[in-house]
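Each residue of the sequence shown is one higher than the one before, starting from 0 at the first, in numbering that gives the first Met the number 0. Where is the CB? At the ideal position from N, CA and C, for every residue including glycine.
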Amino acid sequence: MKVTIDGNEVETNGRTLLELIERTPTKSRPIIMERRTTKEVSVHNTYVITTSKGELTMEAYDNRFHEFFASNLDKFAGLKAVWTDKKSVNFGTLALPFEITRKQFTYNRYEVLFGFSGFERGQGVLTLSKVGFIGRNGIEKSAFGRIVKGRHILEALEPNDVIESIHEKRERSEMYDYTVVTGENVELEDGDTIITKLGVEMNDAAPVGSEHFLFLTNNGYLTIRERLATYCKDDTLKGVDIPSETIAARSRGSLSVRTSGKQVGSVYLYFKDTIEDDAHSVIGRVVSGIELAEQAHVGQEVRVETTTPRLNTLGMTQREAERMLASQGLNQQRTGEKDDDAIVIEQDPELTVEARGKGAVETRGIDPAYVFTVTLYAEEAPETVGYFKTVTGLKTRALGRLDVFFAHEELDMILFSGDTKLAGSLHPEHIPQGTVRRGQIGITNMASRQRGVIGIRFDDNAEYGPTGEDFEHTNLVGEIDEVERLRSLSEGDNVYFILK
């Protein structure tokens, strides 16, 4: 049996999906199976009229006369040609529910229309025109279709020839059925296609936007936060300012990032062609597997594999950075602390596209004593976590930074600079209950004039939060390991954070 997995044809003796793929799909991270089928389908607004002299094919117009015709096909079977002439063939008679008029109207060659014989409502006829003509057919502009095949039959039809049947035209068509697989083991058939990931190619002309996407999908997945017929969207990084780099029409498969408006920073994947928009920068395109995103539901994550892996050494040791860069064919130039175990806090060029173009990357290291691992309370305090990530830079970087603005050996806490303006909308959230534990990180919320300040306790405290505020003015956002190392820091020092 032959099946195709992400564009690669595989011959296998296996009979089930899970025998062939490396990872088991889940409800939140599905894959899809595509199966080609042949079905007989109706051709929209196309009819086959079978007469005693042969078949004619009619393509219908979209009007009220067609609606009546389509709803009453059985009434026309058995009608005889009551008269023929140089202009038309007329089958009848039957009652028609239309208003009578004696006005003249123009009809085109091969058009199909309704009329009244003798201007009597009960003497309706179905007229097939042989030529264009101007006439009084008794009904106002009643053409509803045109003969497109079998026109030679019109000349052969004579009085008493019969309409034997009328039906919608049907054709056999190749179609694709998609099954969204979320863990169950599906039986395979020869020729099936399995799609487990999106293949993405970044746009080198949009280095900042490309880096934004690479960071968004750093865990290997794009989240479907919203989907419409035209696109799906991941707004995880909504609010991050991105410059406009490449304004262009967005074709099927295009990836764009919003560069202005309320959705700035959101990433869009297009299923249909869309015109250019000044508020969108095209940052890449899906080159394979777009059907996976089309079939996935809101809340699900689809796997992403880029042709340009992200080059980011922040938070690595100098030695780890060297190995990673070498694996991508790039040279490392160490600055700052150069020891193998020094932590990289800056990279130049910082953007993947620019780093690949240069062929070498400068990595600035720092003593590991200034780098801490942080655990954030994402579920308990999502708004406060968002503030912390924005202030530290962790929203778009693997390594965050805070500046010490108050530290004293006699205090059991250390304070860091925040953003007063940004904290103006920081509502009370995840307020301490009982005791603040050693190592917990607190942020002063909007209820205090000192809003936005970030602090960490060295010891447990049942009265005040990590910033020295009452509990009602304190939002707990996370905690760090190795608290004792903070005691040696002084005002003006920079402290770096890596997410656990």
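Which listed residue (the options) has its alpha carbon closest to that of residue i
i: GLY121; options: GLY137, TYR109, LYS388 and LEU127; result: GLY137
i: LEU291; options: GLU18, PRO158, ARG28 and LEU398; result: ARG28
i: ASP428; options: ASP402, GLY477 and ALA461; result: In the sequence under discussion, the amino acid at residue 428 is Glu, which differs from the Asp named in the question. For GLU428, the nearest C-alpha among the options comes from GLY477.
i: GLN299; options: VAL9, ILE30, GLU170 and ALA397; result: ILE30
i: PHE404; options: PHE113, LYS271 and SER416; result: SER416
i: GLU353; options: GLY433, ALA205 and ALA295; result: ALA205
i: ALA377; options: TYR369, LYS394 and ARG135; result: LYS394
i: GLN332; options: GLU361, LEU310 and GLU10; result: GLU361
i: SER209; options: ARG309, ASN44 and GLY467; result: ARG309
i: ASP191; options: THR466, TYR177, ASP234 and GLU110; result: TYR177
i: ASP458; options: ARG450, GLU481, PHE75 and THR273; result: GLU481
i: SER265; options: THR245, GLY356 and VAL239; result: VAL239
i: VAL42; options: THR56, MET32 and ARG35; result: THR56
i: MET460; options: LEU410, ALA155 and ILE223; result: A small fix is needed here, since residue 460 is Asn in this sequence, not Met. Residue LEU410 is the option with its Cα nearest to ASN460.
i: HIS151; options: LEU401, ILE442 and LYS129; result: LYS129
i: ARG35; options: PHE143, ASP189 and GLU167; result: ASP189
i: VAL47; options: GLN294, THR245, GLY144 and GLY385; result: GLY144
i: GLU483; options: GLY491, ASN159, GLN439 and VAL2; result: GLN439
i: HIS426; options: VAL390, ALA380, ARG400 and GLY433; result: ALA380
i: VAL180; options: PHE113, THR25, ASP160 and ALA142; result: THR25
i: VAL124; options: LEU221, GLY149 and GLY77; result: GLY77
i: LEU485; options: ARG22, ASP402 and LYS420; result: ASP402
Opposing strand residues paired with residue i [DSSP bridges]
i: ILE442; result: ILE453 and ASN474
i: LYS1; result: GLU10
i: LYS232; result: GLU225 and TYR267
i: VAL435; result: ASN460
i: THR372; result: ILE497
i: GLU39; result: ARG171
i: GLY364; result: GLY335 and VAL343
i: THR273; result: ARG249
i: SER255; result: TYR267 and VAL281
Other residues of its chain near residue i: CB distance less than 7 Å, five sequence neighbours each side excluded
i: SER424; result: MET445
i: GLU200; result: GLY283, ARG284, VAL286 and THR306
i: TYR230; result: TYR267, LEU268, TYR269 and PHE270
i: MET412; result: GLY454, ILE455, ARG456, PHE457, PRO465 and GLY467
i: PHE470; result: ILE430, PRO431 and GLY464
i: ALA406; result: ILE413, LEU488, SER489 and GLU490
i: SER259; result: ALA278
Close beta carbons around residue i, own chain, < 8 Å, minus the five adjacent residues each side
i: LYS337; result: GLN317 and GLY364
i: GLY134; result: LYS86, GLN103, PHE104 and TYR106
i: VAL9; result: LYS1, VAL2, THR3 and LEU19
i: GLU304; result: LYS196, LEU197, GLY198, VAL199 and GLY219
i: ARG169; result: GLU39, VAL40, SER41 and VAL42
i: ARG436; result: ARG456, ASP459 and GLU478
Cβ shell of residue i (< 6 Å), same chain only, five flanking positions each side left out
i: MET315; result: VAL343
i: TYR463; result: none
i: GLY252; result: ARG284, VAL285 and ILE289
i: PHE387; result: VAL476
i: PRO242; result: VAL207
Any non-hydrogen atom of the ligand NAD within 8 Å of residue i CB
i: LEU498; result: The ligand NAD is not among the ligands present in this structure, which contains no ligands whatsoever.
Beta-carbon separation (whole angstroms), residue i vs residue j, contact threshold 8 Å
i: HIS211; j: VAL256; result: 6 Å
i: THR374; j: LYS499; result: 5 Å
i: GLY454; j: PRO465; result: 4 Å
i: ARG171; j: THR37; result: 6 Å
i: THR83; j: GLU157; result: 6 Å
i: VAL263; j: LYS237; result: 7 Å
Min CB distance residue i to chain C below 9 Å
i: ASN330; result: Protein chains in the displayed structure number just one, and chain C is not present.
Which runs of the beta strand (DSSP E), 3 residues or longer, sit entirely within the region 41-119?
-> 53-59, 79-83, 87-93, 104-106 and 110-115
What are the start and end residues of each continuous alpha helix (DSSP H) run of 4 or more residues lying completely inside the region 279-362, in chain order?
-> 289-294, 317-326 and 351-357
Quick one: complete alpha helix (DSSP H) runs, 4+ long, within the region 155-217?
-> 206-215
In chain order, each beta strand (DSSP E) run of at least 3 residues that lies wholly inside the region 399-431 | 412-415
What are the start and end residues of each continuous beta strand (DSSP E) run of 3 or more residues lying completely inside the region 116-147, in chain order?
-> 123-128 and 132-134
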